[in-house]
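Q: Handing you this structure, nothing more for now.
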Amino acid sequence: MPPTQIFILAGQSNMVGSGVTAEIPERWRTAPNGLRLFIDGQPSPWLAGERFGPEIGFGVALAEALPDTPVALCKVARSGANLYYDWNPDGVSQGDEDVYRGPVYPALLDALSAVSRDLSVQEPAPAIAGMLWMQGERDSVIEIMANAYEANLRAFIARVRSDLDSPHMPFLMGQINPCILNLPDLRYQHPWRETVQAAQAAVAQSEKSVALVRTDDLPQSDNLHFTTAGLLELGRRYAAAHLAMAR
């Protein structure tokens, strides 16, 4: 049997997911043999709770394409988490819980350590196979965060690859969509979303083993968060991007 392939799923609310579990079609409701899900480092039922993210579509699509490869999904995501502080490996919580959710990066490393321990009884040893990233909406709310996003994203990718001793780890990021949430009070209008989108595109074009996954045509429930169908399709697109990169 080949080694278990560990995929990291990280980001903010569209990675946490607002898909409705009860609406998932039958094809996606059961994890194929050899597919395991971990949330914050802990083993999780395949359909955990009333909501889900891209992990369902990704996991099933990948397992169908690679039926003889065991896969573990390690999901660590926080709604509203920015890259500027929260996901920044060197970031420090700023104390304002309405703006900052971090630091989250240490939680990711802790979760991966827990997953690795859980899988350590298997032979051969598991391997990091890739990272799925759905994040950037929060950074598009504040100008200084948006302007720093490209540099922060490059540094983040380099750091996570270094910390995991995986210098060529595939990094698949979902494009942040044109988003306007809570329009009546203009609180989260994401005025610098095009700056963040341009940063994502620049990084994908210039960094090795980095891919940008299109999201602008996916259905949304509130002009920001993807619907059940949208999240299943997003997961499938992540799987397609990984398989294309692996060829």
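Under the numbering used here, read the sequence shown as residues 88 to 334, first letter to last.
For every residue, glycine included, the Cβ atom is placed at its ideal position computed from N, Cα and C.
#1: In the DSSP assignment, find the beta strand (DSSP E) that holds G167 and state where it starts and stops.
#2: Alpha carbon to alpha carbon, how far is M256 from A242? Give it in angstroms, no decimals.
#3: Does DSSP classify A212 as helix, strand or coil?
#4: The beta strand (DSSP E) with P130 in it runs from where to where?
#5: So, is Q292 buried or exposed, given that buried needs 16 or more other C-beta atoms within 10 angstroms?
#6: Using DSSP with H/G/I as helix, E/B as strand and the rest coil, what is G136?
#7: Check V186 in the structure and name its three-state DSSP category.
#8: Going by beta-carbon coordinates alone, are L160 and L96 separated by less than 8 Å?
#9: Between the Cα of A148 and those of N120, Q222 and Y236, spot the shortest distance and give me the residue it belongs to.
#10: Let's see if you can read the secondary structure: which residues bound the beta strand (DSSP E) around F125?
#11: Per DSSP, what kind of secondary structure is W115 in: helix, strand or coil?
#12: Between which residues of its own chain and A331 is the CB-CB distance below 8 Å, once the five residues before and five after are set aside?
#13: What residue ranges within the region 240 to 317 form continuous alpha helix (DSSP H) runs of no fewer than 4 residues, ordered along the chain?
A: In brief:
#1: For G167, no beta strand (DSSP E) encloses it, and the DSSP letter there is neither H nor E.
#2: Roughly 14 Å between the two C-alpha positions.
#3: A212: coil per DSSP, three-state reduction.
#4: Q129 to S131
#5: exposed
#6: coil
#7: Any reading at V186 is ruled out, since the residue's pLDDT is 49, under 50, leaving its predicted position unreliable.
#8: L96 sits close to L160, with the two beta carbons spaced by under 8 Å.
#9: Closest option to A148, Cα to Cα, is N120.
#10: L122 to I126
#11: Three-state result, W115: helix.
#12: A298
#13: 280 to 293
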